[in-house]
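J.: Plus 175 on top of the position in the sequence shown (first one is 1) and you've got our numbering.
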Amino acid sequence: MTTFDPGALRRFDIERVEHEWRPRDCALYAVSCGMGHDPLDESQLRFADETRSDHVALPSMALVLAYPGFWLARSGTTADPARLMHVEQQIEWHAPIATSGRVTSTTRVTGIYDKGAGGHAFIRSERVLHDASGAALATLAQTHVLRQGGGFGGEPPPKPVTRNVPDAAPAVEVHVDTRPEQALLYRLNGDLFALHSSPQRAHDAGFERPLLHGMCTAGIAMQVLLRTLAKGEPRRFRRVSLRFSAPVFPGNRLLVEAWDDGSFRVRVPQRDVVAIDQGVLELAA
Numbered sequence: 176m177t178t179f180d181p182g183a184l185r186r187f188d189i190e191r192v193e194h195e196w197r198p199r200d201c202a203l204y205a206v207s208c209g210m211g212h213d214p215l216d217e218s219q220l221r222f223a224d225e226t227r228s229d230h231v232a233l234p235s236m237a238l239v240l241a242y243p244g245f246w247l248a249r250s251g252t253t254a255d256p257a258r259l260m261h262v263e264q265q266i267e268w269h270a271p272i273a274t275s276g277r278v279t280s281t282t283r284v285t286g287i288y289d290k291g292a293g294g295h296a297f298i299r300s301e302r303v304l305h306d307a308s309g310a311a312l313a314t315l316a317q318t319h320v321l322r323q324g325g326g327f328g329g330e331p332p333p334k335p336v337t338r339n340v341p342d343a344a345p346a347v348e349v350h351v352d353t354r355p356e357q358a359l360l361y362r363l364n365g366d367l368f369a370l371h372s373s374p375q376r377a378h379d380a381g382f383e384r385p386l387l388h389g390m391c392t393a394g395i396a397m398q399v400l401l402r403t404l405a406k407g408e409p410r411r412f413r414r415v416s417l418r419f420s421a422p423v424f425p426g427n428r429l430l431v432e433a434w435d436d437g438s439f440r441v442r443v444p445q446r447d448v449v450a451i452d453q454g455v456l457e458l459a460a
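As structure tokens, this is what we get:
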């Protein structure tokens, strides 16, 4: 087992990434997150067809713009990729995502926490997207758990803030059928981690087959929230936070549940698990 060195992680140079995208990239991202599943639904086609005059980008496309790859899995971090789990994701939008443009991302580690010997390490990082003028477009924060990475004498992680869904029935219940090749499609956005495409890598990590990207599951949830709670208006997205609580396999049917206060979760009914929990979406009026 690789010994985790938090000092090496703090010193690790995370590359600055420049990215130019076009309407076709927006359409690919939208389709990879389930838009266009109903080819007669105009509310989906305006995201999935880049030739339309009303074509717009999904807000969650911020997840793949100027993406530096799974940098935590690189050797210089000393974090064993087989023991890493992406457990939390937040996005704050400072401006709407256009259908074309150029962005630069900078990523930094903002915290490394220790659950003690035999416990886990928690790694918090932040990626900021800046547009061509230098203005901030979006801020994305991630938390990863390194299983059995604790015991290095660091500070314990902050106590998590728990927000349970309301007791009332959800205002939104939408089923989304993921495709068997969904992960292979989503990786074309630039998220190339082999756990999502290689049967051998998935087996080595303890799974029977490749997983769907958690970011894809999040993107599916957000496109449903956009079409329902946000009434199809991408400019209303301000902040989202969520926790990944169980894996999704390509081909699983998802159930996105949301409430009028912005709470949401994603269930996999056939496996009786919650894949995304503690979801909160903040919308502008």
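Just so you know, even glycine gets a beta-carbon here, dropped at the ideal spot from N, CA and C.
None of the values given here were measured: they were computed from a predicted structure.
Check whether the Cβ atoms of residue 302 and residue 286 lie closer than 7 angstroms to each other.
T.: no
J.: State the beta-bridge partners of residue 260 as determined by DSSP.
T.: For residue 260, which the question treats as bridged, DSSP gives the partners 320.
J.: Do residue 428 and residue 352 have their C-beta atoms closer together than 7 angstroms?
T.: Yes. Within cutoff.
J.: Note the first and the last residue of the continuous alpha helix (DSSP H) segment covering residue 359.
T.: Unbroken alpha helix (DSSP H) run through residue 359: 357-361.
J.: Can you find the residues in the same chain that come closer than 7 angstroms, C-beta to C-beta, to residue 236, ignoring five residues on each side of it along the sequence?
T.: 201, 204, 272
J.: Does DSSP put residue 250 in a helix, a strand or coil?
T.: helix
J.: Could you tell me the alpha carbon to alpha carbon distance between residue 328 and residue 408, rounded to whole angstroms?
T.: Spanning the alpha carbons of residue 328 and residue 408 requires a straight line of approximately 47 angstroms.
J.: So, does the region 312-331 touch the region 361-370, judging by three or more C-beta pairs under 8 angstroms?
T.: no
J.: Is residue 225 helix, strand or coil when you go by DSSP?
T.: coil
J.: Quick one, are the C-beta atoms of residue 449 and residue 396 less than 7 angstroms apart?
T.: no
J.: Does DSSP put residue 328 in a helix, a strand or coil?
T.: Residue 328: coil per DSSP, three-state reduction.
J.: Where does residue 280 sit, in a helix, a strand or coil, going by DSSP?
T.: strand
J.: How would you label residue 442, buried or exposed, when you count the other beta carbons within 10 angstroms and need 16 or more for buried?
T.: buried
J.: Roughly how many angstroms lie between the CA atoms of residue 376 and residue 385, to the nearest whole one?
T.: Approximately 8 angstroms, taken between the alpha carbons.
J.: Counting pairs of Cβ atoms below 8 angstroms between the region 230-249 and the region 184-197, do you hit three or more?
T.: yes
J.: Who are the Cβ neighbours of residue 258 in its own chain at under 6 angstroms, not counting the five residues just before and after it?
T.: 321, 322
J.: Roughly how many whole angstroms lie between the Cα atoms of residue 225 and residue 289?
T.: 46 angstroms
J.: For residue 350, which three-state DSSP category applies?
T.: strand
J.: Report back the beta-carbon spacing between residue 451 and residue 420 to the nearest angstrom; my notes put them in contact at under 8 angstroms.
T.: Contact between residue 451 and residue 420 holds: CB atoms are separated by about 7 angstroms, below the 8 angstroms threshold.
J.: In three-state DSSP terms, what is residue 207?
T.: helix
J.: Given this structure, state the Cα-to-Cα distance separating residue 379 from residue 422, to the nearest angstrom.
T.: Rounded to the nearest angstrom, the two C-alpha atoms are 15 angstroms apart.
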